[in-house]
Every structure is written in structure tokens, then in C-alpha cells.
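Encoded as C-alpha cells, the structure appears first; notes follow it.
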Amino acid sequence: MNNTKELIDELEQFNTWITSLKNMKEDLFFTPIKEGKWSPAEIISHITFWDRYILDETLPQMKTDADIASIAFEPLNKKAAIYALSGVSMNHLLETQIETRKELVSELRKKAEEEFFATFTLNGETIDEYSGYPHTMYNYFASFAWHDKHHKQQIENFLEVNKVQL
370 MNNTKELIDE
380 LEQFNTWITS
390 LKNMKEDLFF
400 TPIKEGKWSP
410 AEIISHITFW
420 DRYILDETLP
430 QMKTDADIAS
440 IAFEPLNKKA
450 AIYALSGVSM
460 NHLLETQIET
470 RKELVSELRK
480 KAEEEFFATF
490 TLNGETIDEY
500 SGYPHTMYNY
510 FASFAWHDKH
520 HKQQIENFLE
530 VNKVQL
């Protein structure tokens with residue numbers, strides 16, 4: 370992805386893949402992908418919880434010279450995993466992800482190009498320790514597009530091992 374439109378499109382296209390998961394058997398959806406790992410349900414819930422957190426808390430603060438404090442990863446991840454296994458249906462988890470991502474994409478489409486490149490501080494850092502690039506909205510969401518791909522690949526590998534085609 371070379372520009373903000375491509376980045377936003379990539380984040381939006383994740384929903385096409387999420388929709389395809391509706392063809393999965395529900396029992397497999399709640400089965401861990403490997404011993405000691407999350408199930409697809411927990412992975413999708415994790416992405417949804419982060420999309421919601423970013424939408425409500427982080428995105429509104431992403432402005433030039435802002436000093437943004439993000440929450441610790443593990444408590445939110447644990448909350449998402451617990452929710453996924455709380456008795457909610459596969460369809461509910463998938464639909465919630467689709468709607469939350471649509472909302473996030475809609476908000477991103479409202480942003481001006483220059484807003485994507487405003488630099489800010491995140492958890493006391495001006496440079497992202499993983500990418501080596503300054504914290505900007507563009508770089509932040511590029512890392513989440515990578516994050517989507519990472520989890521998509523995990524689930525696709527799990528489906529392949531279980532001989533499931535969607």
C-alpha cells in the first residue's frame with residue numbers, strides 16, 4: 370500500500386474475508402488453532418476489541434504533537450478472549466467485527482490526507498520501536514493492516530490443517 374486510499378481499502382477488504390468465515394462450522398470456530406493458542410473466535414474478538422478501542426480512544430487523539438497513552442495490550446486481549454467464549458454466537462462475533470470495521474473505515478475516510486502524516490507521541494515514544502518510523506496515523510494503521518494479515522494467516526493455516534475450504 371502506497372497511499373492512504375490503498376491503506377483504508379486494505380483495512381476495509383478485511384471484512385470480505387471475515388464474511389467468508391460465516392461458512393465455517395461453529396464448533397471449529399471455537400476450537401483453538403493450536404494447543405495453548407486462541408480459537409478463531411478469540412482472534413476475531415481480539416481484532417474487534419482493538420478496532421473499537423482505536424475508534425473510541427486512540428483515533429480522536431491522533432493529531433500533530435499529541436501525547437497519546439495507549440492501554441496495556443494484555444488486559445484488553447484477555448477481555449476479548451473471555452468475551453469470545455462467553456456464549457456469544459459465531460455469527461454475532463463476525464457481524465460485530467464487520468460493523469466495527471465499517472465504522473472505523475468510515476471515520477478514516479473522513480480524515481484529510483495531511484492528518485495521516487501528523488506526528489505524535491505514543492506511550493512516550495516519537496519513533497515506533499518496531500518499524501523505526503515516526504508515529505503517524507498512516508504508520509499506525511499500516512501496522513494494524515499487518516496485524517490483520519498475521520491473524521488471517523493463522524486462521525487460514527488452521528482451516529487448511531482441518532481441510533476446510535470457505
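Quick note, in the numbering used here, the sequence shown goes up one by one and the last residue is 535.
Yeah, the Cβ is synthetic: ideal placement off N, Cα and C, and Gly gets one too.
Treat the numbers as computed from the prediction; the structure is a model and nothing was measured.
- Message: Can you tell me whether Asp420 is helix, strand or coil according to DSSP?
- Response: helix
- Query: Out of curiosity, what's the CA-to-CA distance linking Leu491 and Asp396?
  - Reply: 39 angstroms
- Message: If you reduce the DSSP assignment to three classes, tell me which class Gly377 lands in.
- Response: Residue identity differs from the one stated: residue 377 is Ile in this sequence, not Gly. Helix.
- Message: Using CA atoms only, rank isn't needed, just tell me which of Lys391, Ile423, Leu380 and Glu498 is closest to Ala410.
- Response: Lys391
- Residue interval of the alpha helix (DSSP H) (run including Leu473): Counting along the chain, Leu473 sits inside the alpha helix (DSSP H) bounded by residues Met459 to Arg478.
- Is it true that the CB of Ala514 sits closer than 8 angstroms to the CB of His424? It is worth fixing the name first, because residue 424 is Leu in this sequence and not His. No, the pair does not count as a contact, with Cβ atoms beyond the cut-off.
- Which class does Leu491 belong to by DSSP, given the choice of helix, strand or coil? Correct three-state label for Leu491: strand.
- Task: With distances taken Cα to Cα, identify the nearest neighbour of Ile412 among Ile387, Glu426 and Met431.
- Result: Ile387
- Message: My output table needs one value for Asp436: the three-state DSSP class, helix, strand or coil.
- Response: strand
- Item | Terminal residues of the alpha helix (DSSP H) in which Asp517 lies | Met506 to Val530
- Task: Write down the C-beta distance between Phe485 and Thr505 rounded to the nearest angstrom, noting that I regard them as a contact closer than 8 angstroms.
- Result: Distance from Phe485 to Thr505 at the Cβ level is roughly 6 angstroms; contact confirmed, criterion being Cβ atoms closer than 8 angstroms.
- Item | Arg478 beta carbon less than 8 angstroms from that of Ile416 | no
- Spatial distance of Pro429 from Tyr422 (CA atoms): 11 angstroms
- Would you list the residues sitting across from Pro503 in a DSSP beta bridge? Ile496
- Message: Leu445 and Ser414 - do their beta-carbons sit closer together than 8 angstroms?
- Response: no
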